[in-house]
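This report concerns only the one structure given below.
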Amino acid sequence: MKILLVEPNYRRASSKAQNSEETKWYPPLGLMKIARFHVDRGDEVKLVRGCDETVLPKIDLFSSDQLWDRVYITTLFTFHFSKTVETINFYKKKAVGGTASKILVGGIMSTLMADDIFEETGIYPVLGTITSSKGQLGLVGKDNQDVNIDSLLPYYEIIDQELYAVSDTYYAYASRGCINKCAWCGVPILEPDFIPYINIRSVIGDLREQYGDKRYLKLMDNNIMASDSLRRVVEDLIELGYGKPEEGSKFIRYVDFNQGLDASFFTEENIEIIKDLNIKPMRIAFDRVQEKKDYIAAILLAEKYGFNEFSNYMLYNFRDTPKDLYERMVINIELNEKFISSSGSSKKSGKVYSYPMRYAPIKDEGNHDNRFRDKIFPIPDEVDWLRSPAWTRRFIRNIEIMKGVAHGAISPTPTLAWRTIGHSFEEFVTNLYMPEELIRKRNKHERKIYSFNDNQTPGT
18 MKILLVEPNY RRASSKAQNS EETKWYPPLG LMKIARFHVD RGDEVKLVRG
68 CDETVLPKID LFSSDQLWDR VYITTLFTFH FSKTVETINF YKKKAVGGTA
118 SKILVGGIMS TLMADDIFEE TGIYPVLGTI TSSKGQLGLV GKDNQDVNID
168 SLLPYYEIID QELYAVSDTY YAYASRGCIN KCAWCGVPIL EPDFIPYINI
218 RSVIGDLREQ YGDKRYLKLM DNNIMASDSL RRVVEDLIEL GYGKPEEGSK
268 FIRYVDFNQG LDASFFTEEN IEIIKDLNIK PMRIAFDRVQ EKKDYIAAIL
318 LAEKYGFNEF SNYMLYNFRD TPKDLYERMV INIELNEKFI SSSGSSKKSG
368 KVYSYPMRYA PIKDEGNHDN RFRDKIFPIP DEVDWLRSPA WTRRFIRNIE
418 IMKGVAHGAI SPTPTLAWRT IGHSFEEFVT NLYMPEELIR KRNKHERKIY
468 SFNDNQTPGT
């Protein structure tokens with residue numbers, strides 16, 4: 018069979034000039050596993066991005082010898098809806114001669130918006146993870162057996178290493194699902210069953226045998242700390258070499274629990290279990306100000322056990338206010354000040370990067386708002402727009418502008434962070450109202466001179 022794999026062109030950049038593994042894109046794991054399935058069957062496989070004219074039939078569209086036997090199209094976020102629908106309809110019309118049964122759509126967005134996809138394309142998606150090739154794809158493997166495609170090794174050969182972060186990184190799961198049912202999250206739909214243990218040793222061992230050792234392991238687990246097999250998972254990772262390195266080690270491996278660790282499970286017992294892992298960075302979410310006690314305790318406990326780089330996502334614009342977000346960002350700045358003070362050194366940077374992440378609905382809450390990036394909730398009739406404002410489109414936009422200074426984060430350097438968000442809530446509100454050009458070019462416009470920026474010429 019001739020198999021075409023497609024990732025819609027929803028990435029922001031396409032330059033191959035990026036050279037850091039951290040600046041490159043995450044690969045489409047689902048397509049990589051489907052590629053493995055078809056290569057094992059002896060099929061011809063090709064991966065492209067977007068609506069690629071170069072892979073279309075060169076002669077008569079209805080010559081079956083020239084058409085693709087099957088086209089798989091992955092999906093990601095719900096706000097990529099328009100781009101994804103455009104891609105599906107492009108290949109349906111031009112790559113398979115309008116035969117809808119030859120187009121298979123799957124992934125996150127299509128599972129969450131299956132009816133919407135069908136309405137716009139006439140194609141009903143494959144839902145959830147693909148655990149049965151026969152039942153979900155209508156195909157069997159090379160030995161005429163039903164295949165659990167989700168358990169297959171990703172096929173790295175189809176990936177452009179200059180664009181995707183695969184040259185020194187493996188991606189895998191040591192568990193699936195999550196015990197929480199957060200209202201903003203798609204995991205309960207995508208992975209409804211919590212699977213507390215997956216044999217990571219077997220997966221990484223097989224990958225190393227085929228592709229050699231790689232320095233970074235990104236685990237995509239949604240809540241590994243909730244697993245009753247946490248100790249077993251950690252033992253597997255230590256055996257694979259992802260423990261803290263011995264002094265003088267030349268090849269150092271890192272593990273990144275990429276979807277974050279749940280602060281509510283940070284007990285002395287659990288930290289004792291994970292303390293020997295070389296986790297970089299440690300990601301701990303802080304989605305609600307009501308969780309500040311658990312969050313602060315988790316950060317301090319982890320730091321006590323030697324973890325020194327934290328990445329912190331903060332959901333905002335979901336049942337919160339700008340004041341809630343400001344309080345959470347201040348907590349991180351004060352933690353960084355505490356770390357710097359206790360270090361006894363002159364270094365100016367702390368340990369916690371803050372990443373405010375605006376809410377995007379995964380369900381249609383009216384007017385197809387899950388098809389777009391920004392959600393603006395109805396504003397209450399009475400709002401104190403100075404002391405307790407509500408989220409507006411401009412306020413959300415200005416948070417994104419503030420983050421841009423440190424590549425999507427609030428700097429761990431307290432002096433820079435205070436300047437970014439404001440030394441008081443009143444200053445923060447002022448920044449929310451500010452024309453974005455003034456925030457982008459503070460060195461040009463701001464009157465105040467800071468001790469760390471004495472080359473600045475006072476603005477107006």
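Note that our numbering gives residue 139 to position 122 of the sequence shown, counting from 1, and the numbers run on in steps of one. Positions of the beta carbon are idealized from the N, C-alpha and C atoms, including for glycine.
Practice task
Go ahead and pull the three-state DSSP assignment for Glu417.
Solution key: The residue labelled residue 417 in the question sits at position 400 within the sequence shown. It is helical.
Practice task
Please list, in chain order, all residues of the same chain as Ile196 whose beta carbon is under 7 Å from its beta carbon, the five residues on each side excluded.
Solution key: Stepping through the sequence shown from its first residue, residue 196 is reached at position 179. Correct list, in chain order: Phe211, Asn240 and Ala243.
Practice task
Starting from the Cα of Val23, find the closest Cα among Val72, Asp57 and Trp42 and give me that residue.
Solution key: Along the sequence shown, one-based indexing puts residue 23 at 6. In this structure, Val72 is the residue among Val72, Asp57 and Trp42 with its C-alpha nearest to the C-alpha of Val23.
Problem - Residues bridged to Ile559 [DSSP beta-bridge criterion] - result: Outside the displayed span of the chain (18 to 477) sits residue 559, for which this structure offers no information.
Practice task
Identify, in the order they occur along the chain, each residue of the same chain with its Cβ nearer than 7 Å to the Cβ of Ile105, setting aside the five sequence neighbours on each side.
Solution key: Here residue 105 refers to the residue found at position 88 of the sequence shown. Ile90, Ile120, Val122, Thr138 and Ile140.
Exercise for the section: Compare the C-beta of Leu257 with all C-beta atoms of chain C and state if any pair is closer than 8 Å. Expected result: Here chain C cannot be found, since the structure has a single protein chain.
Problem - Length of the line joining the Cα atoms of Glu444 and Lys310 - result: The sequence position of residue 444 within the sequence shown is 427, counting from 1. The sequence position of residue 310 within the sequence shown is 293, counting from 1. Our two residues, Glu444 and Lys310, have alpha carbons roughly 25 Å apart in a direct line.
Exercise for the section: Return the CA-CA distance between Glu252 and Tyr271, expressed in angstroms with no decimal places. Expected result: For the purposes of this step, residue 252 is taken as residue 235 along the sequence shown, with counting starting at 1. For the purposes of this step, residue 271 is taken as residue 254 along the sequence shown, with counting starting at 1. Looking at the two C-alpha atoms, the distance is approximately 15 Å.
Practice task
Evaluate Ser219 with the Cβ neighbour count: other Cβ atoms within 10 Å of its Cβ, from every protein chain shown; 16 or more gives buried, anything less gives exposed.
Solution key: Your numbering for residue 219 matches position 202 in the sequence shown. By the 10 Å Cβ count, Ser219 comes out exposed.
Practice task
Would you check if the distance between the CB atom of Thr148 and the CB atom of Asn165 is smaller than 8 Å?
Solution key: As a first step, residue 148 must be located in the sequence shown, where it is residue number 131. As a first step, residue 165 must be located in the sequence shown, where it is residue number 148. Their beta carbons are under 8 Å apart, which means Thr148 touches Asn165 by this criterion.
Practice task
Measure the C-alpha to C-alpha separation of Arg459 and Leu247 and round it to an integer number of angstroms.
Solution key: Residue 459 sits at position 442 when you count from the first residue of the sequence shown. Residue 247 sits at position 230 when you count from the first residue of the sequence shown. Cα to Cα, the separation comes out at about 47 Å.
Practice task
Following the continuous beta strand (DSSP E) through Glu61, name the residue where it begins and the one where it ends.
Solution key: Residue mapping note: residue 61 aligns to position 44 of the sequence shown, counting from 1. Annotation for Glu61: the continuous beta strand (DSSP E) segment containing it runs Glu61 to Arg66.
Handout entry: Beta bridge counterpart(s) of Gly123 as assigned by DSSP
Key = Here residue 123 refers to the residue found at position 106 when the sequence shown is read from its first residue. Thr91, per the DSSP bridge assignment.
Exercise for the section: Over the uninterrupted alpha helix (DSSP H) stretch that includes Pro205, give me the two end residues. Expected result: The count along the sequence shown starts at 1 and reaches residue 205 at position 188. In the DSSP assignment, Pro205 falls within the alpha helix (DSSP H) that extends over Val204 to Leu207.
Problem - Nonlocal neighbours in the same chain, by C-beta distance under 8 Å from Met49, ignoring five residues either side - result: Looking up residue 49 in the sequence shown gives position 32. Closer than 8 Å at the Cβ level, and outside the excluded window around Met49, lie Pro171, Tyr172, Tyr173, Ile175 and Ile176.
Handout entry: Delimiting residues of the beta strand (DSSP E) encompassing Ser328
Key = Counting from 1 along the sequence shown, the entry for residue 328 is found at position 311. From DSSP, the beta strand (DSSP E) with Ser328 extends over Phe327 to Tyr333.
Problem - CB contact flag (Phe274, Leu236, <8 Å) - result: Residue numbering aside, residue 274 sits at position 257 when the sequence shown is read from its first letter. Residue numbering aside, residue 236 sits at position 219 when the sequence shown is read from its first letter. Going by C-beta atoms, Phe274 is nearer than 8 Å to Leu236.
Practice task
Tell me whether Gln227 is buried or exposed, calling it buried when 16 or more other Cβ atoms sit within 10 Å of its Cβ.
Solution key: Taking the first residue of the sequence shown as position 1, residue 227 is located at position 210. So Gln227 counts as exposed.
Problem - Buried versus exposed call for Ser328 [16 or more other C-beta atoms within 10 Å across all chains shown] - result: Reading the sequence shown from its first residue, position 311 is the one you call residue 328. The residue is buried, with at least 16 neighbouring Cβ atoms inside 10 Å.
Problem - Proximal residues to Leu332 (C-beta, below 7 Å), its chain only, five neighbours per side dropped - result: Here residue 332 corresponds to residue number 315 of the sequence shown, with the count starting at 1. Within the same chain, Leu332 has close Cβ partners Trp201, Asp304, Met374 and Tyr376.
Exercise for the section: For Pro373, write down the residues that DSSP places opposite it in a beta bridge. Expected result: Position 356 of the sequence shown, counted from the start, is the residue given in the question as residue 373. DSSP output for Pro373 lists Met331 as bridge partner(s).
Practice task
Return yes when the Cβ of Ile20 is within less than 8 Å of the Cβ of Asp69, no when it is not.
Solution key: For the purposes of this step, residue 69 is identified with residue 52 of the sequence shown, where counting begins at 1. For the purposes of this step, residue 20 is identified with residue 3 of the sequence shown, where counting begins at 1. For Asp69 and Ile20, no; Cβs fall outside 8 Å.
Practice task
Give the range of the beta strand (DSSP E) segment to which Leu21 is assigned.
Solution key: Here residue 21 corresponds to residue number 4 of the sequence shown, with the count starting at 1. In the DSSP assignment, Leu21 falls within the beta strand (DSSP E) that extends over Lys19 to Glu24.
Handout entry: CA nearest to the CA of Tyr372, picked from Ala426, Lys465 and Tyr467
Key = As a first step, residue 372 is located in the sequence shown; it is residue number 355 there, counting from the start. Comparing C-alpha distances from Tyr372 to each of Ala426, Lys465 and Tyr467 shows the shortest one belongs to Ala426.
Practice task
Mind the definition here: the stretch 409-426 touches the stretch 348-368 only if three or more C-beta pairs lie below 8 Å; say whether that holds.
Solution key: Proximity of the stretch 409-426 to the stretch 348-368 falls short of the contact definition, fewer than three beta-carbon pairs being nearer than 8 Å.
Exercise for the section: Kindly indicate which residue of Ile206, Asp245, Arg87 and Leu154 has the alpha-carbon position closest to the one of Thr128. Expected result: Stepping through the sequence shown from its first residue, residue 128 is reached at position 111. Sorting Ile206, Asp245, Arg87 and Leu154 by C-alpha distance to the C-alpha of Thr128 places Ile206 at the top.
Exercise for the section: Decide yes or no for the touch test of the stretch 407-418 against the stretch 337-351: beta carbon pairs closer than 8 Å, at least 3 of them. Expected result: Taking 8 Å as the limit for Cβ pairs, the verdict is that the stretch 337-351 does touch the stretch 407-418.
Practice task
At 3 residues or longer, and completely inside the stretch 212-262: list those beta strand (DSSP E) runs for me, N to C.
Solution key: Within the stretch 212-262, the complete beta strand (DSSP E) segments of 3 residues or longer fall at 233-236, listed in chain order.
Problem - Cβ-Cβ separation, Arg193 to Ile217 (assumed contact under 8 Å), whole Å - result: Counted from its first residue, the sequence shown places residue 217 at position 200. Counted from its first residue, the sequence shown places residue 193 at position 176. Between Ile217 and Arg193 the beta-carbon gap is near 12 Å, outside 8 Å, which marks them as no contact.
Exercise for the section: May I have the straight-line CA-CA distance separating Ser441 from Asn448, to the nearest angstrom? Expected result: As a first step, residue 441 must be located in the sequence shown, where it is residue number 424. As a first step, residue 448 must be located in the sequence shown, where it is residue number 431. Those two C-alpha atoms are separated by around 11 Å.
Practice task
Please report how far the alpha carbon of Arg28 lies from the alpha carbon of Asn470, in whole angstroms.
Solution key: Start at 1 with the first residue of the sequence shown, and residue 28 comes out as number 11. Start at 1 with the first residue of the sequence shown, and residue 470 comes out as number 453. Within the model, the alpha-carbon separation for Arg28 versus Asn470 is close to 35 Å.
Handout entry: Bounding residues of the beta strand (DSSP E) (the contiguous stretch that carries Tyr188)
Key = Here residue 188 corresponds to residue number 171 of the sequence shown, with the count starting at 1. Following the DSSP letters along the chain, one finds Tyr188 inside the beta strand (DSSP E) bounded by residues Thr186 to Ala189.
Problem - Whole-Å CB distance - Tyr233 paired with Asp185, under 8 Å assumed - result: Translated into positions along the sequence shown, residue 233 becomes position 216. Translated into positions along the sequence shown, residue 185 becomes position 168. The distance from the Cβ of Tyr233 to that of Asp185 is about 6 Å, consistent with a contact at the 8 Å cut-off.
Exercise for the section: Along the alpha helix (DSSP H) that carries Lys355, what are the first and last residues, could you check? Expected result: On the sequence shown, residue 355 is found 338 positions in, with the first residue counted as 1. Note, Lys355: alpha helix (DSSP H), Pro339 to Ser360.
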